[in-house]
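Chemist:
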Amino acid sequence: MNQPQVTETSDITYCRSDFPALHQEVNGHPLVYLDSAASGQQPASVIDAVARYQREDHANVHRGVHTLSHRATELYEGARDKLCDFINAASRAEIVLTSGTTESINLVAQSYCRPILQAGDQVLITWLEHHSNIVPWQLVCEQTGAELLVAPINDRGEVELNELRKLMTERVKLLGIGHVSNALGSINPLHEIIADARKLGITVLVDGAQGMPHMNVDVQALDCDFYAFSGHKMFGPTGTGVLWGREALLEAMPPYKGGGDMILEVNFDNTVFNELPYKFEAGTPNISGTIGLGAAVDYLQSVGMPNIHEHEKALHRYMVGKLEAMDGLRLIGTAKNQASVQSFMLNDIHPHDLGTILDHQGVAVRTGHHCAMPVMQRFGIPGTVRASLGLYNNASDVDQLVTALEKARQVFA
Ligand code: 7TS
């Protein structure tokens, strides 16, 4: 098969060999993994870091005087330092380790919003959001009598900035907005949006689940207030993630989960909470997973986020060109600024049927509503097929997707 230039010129093509899961056959075909937006595969260095810890260093963190507990604590806290550096946080106190984006957003809804929201206040989101950036706000609005506002999107899948601006008023206490849409790949112009929000004193939470795997994230340059992300989407283990928040905000927020590790002193009549970030980390954490996430950060830094971004941009352009050339194929999501996530439909074939036929040919894609039902409602469709590219994909993956789609079309002809 002819390899287009996009892979020949891109050094990071070689990192494919770092990912053991990619080197297998599925249903008699070499695996073509195009579902990184749901979860990224892990490089051997992440798998090895977790295994080494489990074999040699495992103990509970923060509480033991013995050697293994010290080693586990050092590795676990070392991962926090790596994450702090990776996103350019001002201090490690701002890195709250969570189970992922979903928990991070719920933490902000319950610890930041719930104590301050009152009837008449508003929380603002956009039509593009993943359910994890909708439902926690619905819950806290229900609990407090606040109102949830939703900014519309256009036919390309971009947030209508003028409409968003109209909804931004002093009544809005928090704007929750995705960095990159998981369903359509649209990249939001965050610098612009956050600058507007700042002028009105609106606190901004960015759902960064789909931002982290594709681009350099600098929370201080973004100037948001909270940035939430998941380890498994950036090639680390599942059940790990981060809530980054400005220290002054986190300091003022009460914890919403109680338990071990988040306290300094417990009496039956009062409890003194631990310092940041431990105040928000009740119970034994995901130690091995977080150590793996630290290894994922090392890996991403060694490849280089700008290299990843460029490679994916070129490959996405290549994929869109191929898909657009197919009869009966309709792209869903054509934002001017788009990450390497592409939704589409082929004729009137149901996305699940299409996904199943692709799987029979070793091609893994996600099908359905992608936990973004309002986006599907906006486009009047039950769901899409979504091909999402990671740093390890190449043009051959795209070619095999297209070949598999042609076969599916014949099956349904
Ligand atoms: N926000 C966005 C934008 C997401 O894409 C996801 C997961 C989440 C939040 C939730 O992340 P979690 O790690 O807490 O579950 N998105 C997807 C997806 O697109 N397919 O499967 C999960």
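Residue numbers (the numbering used here): 9 to 421. In this text, a Cβ means the ideal position worked out from N, Cα and C, and glycines have one as well.
(1) With DSSP as the reference, label Trp135 as helix, strand or coil.
(2) Would you call the CB atoms of Leu208 and Val167 closer than 8 Å?
(3) Using the rule of at least 16 other Cβ atoms within 10 Å of the residue's Cβ for burial, across every protein chain shown, is Gly297 buried or exposed?
(4) Hey, quick one: how far does the alpha helix (DSSP H) through Arg254 stretch, first residue to last?
(5) Note down, one range per segment and in chain order, each beta strand (DSSP E) of at least 3 residues found wholly within the region 94-152.
(6) Quick one: grab the DSSP three-state call for Thr424.
(7) Could you tell me the distance, in whole angstroms, from the CA atom of Ile271 to the CA atom of Glu85?
(8) Is any heavy atom in the ligand 7TS found nearer than 7 Å to the beta carbon of Arg386?
(9) Give a yes or no on contact between the region 129-148 and the region 323-342, applying the rule of three or more CB pairs nearer than 8 Å.
(10) Contact defined as beta carbons within less than 8 Å: I believe Gly247 pairs with Ala87. What is the distance between those atoms, to the nearest angstrom?
(11) At what residues does the beta strand (DSSP E) containing Met353 begin and finish?
(12) Once you ignore the five residues that flank Ala343 on each side, which residues in its own chain have a CB closer than 6 Å to its CB?
(13) Any heavy atom of the ligand 7TS inside 7 Å of the beta-carbon of Gln6?
(14) Around the Cβ of Arg276, are there at least 16 other Cβ atoms within 10 angstroms (buried) or fewer (exposed)?
(15) Quick check on DSSP: helix, strand or coil for Val410?
(16) How would you call Gln11, buried or exposed, if buried means at least 16 neighbouring beta carbons within 10 angstroms?
(17) Among residues of its own chain, excluding the 5 on either side of Leu183, which ones have a beta-carbon nearer than 6 Å to its beta-carbon?
(18) Out of Cys92, Ala98, Asn141, Asn282, which has the shortest C-alpha to C-alpha gap to Ser112?
(19) Would DSSP call Gln11 helix, strand or coil?
(20) How would you call His199, buried or exposed, if buried means at least 16 neighbouring beta carbons within 10 angstroms?
(21) Check whether the Cβ atoms of Val188 and Ala347 sit closer than 8 Å, and answer yes or no.
Modeler: So, from the data block:
(1) coil
(2) No, they are not a contact pair.
(3) buried
(4) First-last for Arg254: undefined, no H or E at that position.
(5) Fully enclosed beta strand (DSSP E) runs of 3 or longer: 103-106, 130-134.
(6) In the structure as shown, the chain begins at 9 and stops at 421. Residue 424 is therefore absent and cannot be evaluated.
(7) 18 Å
(8) no
(9) no
(10) Gly247 to Ala87, Cβ: 14 Å. No contact.
(11) 349-354
(12) Within the same chain, Cβ atoms closer than 6 Å to the Cβ of Ala343 are found at Arg164, Gly165, Glu166, Ser194, the five residues on either side in sequence being excluded.
(13) Nothing in the structure corresponds to residue 6, since the chain is present only between 9 and 421.
(14) For clarity, residue 276 is Phe in the given sequence; the question names Arg instead. Flag for Phe276 reads exposed.
(15) helix
(16) For Gln11, the pLDDT reaches just 42, beneath the cut-off of 50, and the residue's location in the model is therefore unreliable, leaving the point undetermined.
(17) Leu132, Ala205, Ile210, Val212
(18) Asn141
(19) With a pLDDT of 42 at Gln11, under the threshold of 50, the predicted position of this residue should be treated as unreliable, though the coordinate-derived value follows. In this structure, Gln11 counts as coil in the three-state DSSP scheme.
(20) His199 comes out exposed.
(21) Yes, the Cβ-Cβ distance between Val188 and Ala347 is below 8 Å.
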